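Number of protein chains: 2
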Amino acid sequence: MSNQDLVLLDQTSGSADCCPGLLTAPLDGDQAAELAKVFKALGDPVRLRLLSMIASRAGGEVCVCDLTPAFDLSQPTVSHHLKLLRQAGLIDCERRGTWVYYWLVPEMTDRLAAILTRPTGAPAPDGAAS
Amino acid sequence: MSNQDLVLLDQTSGSADCCPGLLTAPLDGDQAAELAKVFKALGDPVRLRLLSMIASRAGGEVCVCDLTPAFDLSQPTVSHHLKLLRQAGLIDCERRGTWVYYWLVPEMTDRLAAILTRPTGAPAPDGAAS
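Chains as they are written, first to last, in UniProt numbering: chain A, 1 to 130; chain B, 1 to 130.
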C-alpha cells in the first residue's frame, strides 16, 4: 500500500479518526509543535471568552464592535487576541466597511474534539492488558 | 427556576453537556480562567508529546524512566512538564520505590472533547438564522 493510499484512507475514515490522535499514539515532534500552537491560542481566558462569544452567536458571526465592550481592554488588545485565534485557525474574519466580522472555523474545533476523544473500546487506564 | 436547579440540570444531562460549552454560550470570567489553565498546559510540544506517550501506553501507565529518554531534556525539566500536566488535571501519578508512574486522567480529556464538540443540530456558521 502506498503512502497515497494511506492518506486517502485517512480522509475517508471519519472525523474521529482523521487526525494524529493525542490519546492513541505518541505524537511526533512536528505534530506536537503544530497542535501546541492551537492549544496555546486557547490557553488564555480572554481568548476563550472571545471564542465562546463568536462560536455561540446566533447568525454565526460577530462584529468586533460587539466583542470589545465585553472586556475591560482596549480595542487594539482585543484585536490582538482575535489575531492569535485567527492565526491558530480557530476563527476567520472579513472586513465590511468600518468593521471586521468574525466567525468560528468549526473544522478546527471538530479536529481538536476528535483528537481528545478516546478511541472506541479503549481500555480503562487501570484495566488494560500489560 | 433557581440557579441551584440549573446546576442540577447541568449535572444530569450527560457527559457531552456536562460542562460550560465553549461553543454554545459565552463563558464567564471564572469558567474561562479555569479552562485556560488546562489549555495552557496543552500549549507546549513537549507536554503534548508526554501526554500522548502516557495516554497511548498499553497498560495505562508509564514510568518516568521510560519518558525521559525520548527527549533531549534533563530529567528535572521533563518532571517539571509532567508536574504542569498533573496540576492541570490531565494526568496523575504515584511513586513506587525509585520511580514515579504516570497515567492519563481520561475524565479531563473527555471534558475537553465535550466542550469542543458542536451541539447536535447546530446550524452551520453560514446557514444560521439571524
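Every residue gets a Cβ at the ideal spot worked out from N, C-alpha and C, and that includes glycine. Just so we're clear, the structure is a prediction, and the values are computed from it rather than from any experiment.
Per DSSP, what kind of secondary structure is Val105 (chain A) in: helix, strand or coil? coil
Could you pull out every unbroken alpha helix (DSSP H) segment of at least 4 residues lying fully inside the segment 66 to 121 of chain A, listed in chain order? 75 to 87, 106 to 115
Check the Cβ-Cβ distances between Pro26 (chain B) and every residue of chain A, and say whether any is below 7 Å. yes
Of all the options B:Ala55, B:Gln31, B:Leu90, B:Phe71, which has the alpha carbon lying nearest to the alpha carbon of Thr24 (chain A)? B:Ala55
Using a 10 Å radius around the Cβ and a threshold of 16 neighbouring Cβ atoms, would you call Glu94 (chain B) buried or exposed? exposed
Residue from A:Ala88, A:Asp110, A:Gln87, A:Leu116 with nearest C-alpha to Thr120 (chain B): A:Asp110
Going by other Cβ atoms of all chains shown within 10 Å of its Cβ, with 16 needed for buried, is Thr77 (chain A) buried or exposed? exposed
Below 9 Å on C-beta distance, what does Gly29 (chain B) contact in chain A? Pro45, Arg49
Ala113 (chain B) vs Ala113 (chain A) beta-carbon contact at 7 Å: yes
Just tell me which of A:Asp30, A:Leu35, A:Leu27 has its CA closest to the CA of Met108 (chain A). A:Leu35
Checking the sheet assignment: what are the DSSP bridge partners for residue 146 (chain A)? Because chain A here runs from 1 to 130, residue 146 (chain A) falls outside it and cannot be looked at.
Is Phe71 (chain A) close to chain B? Criterion is C-beta to C-beta, closer than 7 Å. no
Cα-Cα, which of A:Leu82, A:Leu84, A:Leu104 is closest to Ala58 (chain A)? A:Leu104
Can you pull the chain C residues whose beta carbon is under 9 Å from the beta carbon of Lys40 (chain B), in chain order? Among the protein chains of the structure shown, namely A and B, there is no chain C.
Is Val27 (chain A) helix, strand or coil by DSSP? The sequence as given places Leu at residue 27 (chain A); Val does not occur at that position. Three-state DSSP puts Leu27 (chain A) in coil, outside helix and strand.
Inter-residue Cα distance where the pair is Arg118 (chain B) and Gly21 (chain B): 9 Å
Do Leu84 (chain A) and Ala32 (chain A) come within 7 Å of each other at the CB atom, strictly closer than that value? no
Simplified DSSP state of Ser56 (chain B), which is helix, strand or coil: coil
Option nearest His80 (chain B) by Cα separation, candidates B:Val46, B:Glu61, B:Ser52, B:Val38: B:Val46
Local conformation of Leu42 (chain B) per DSSP, three classes: helix
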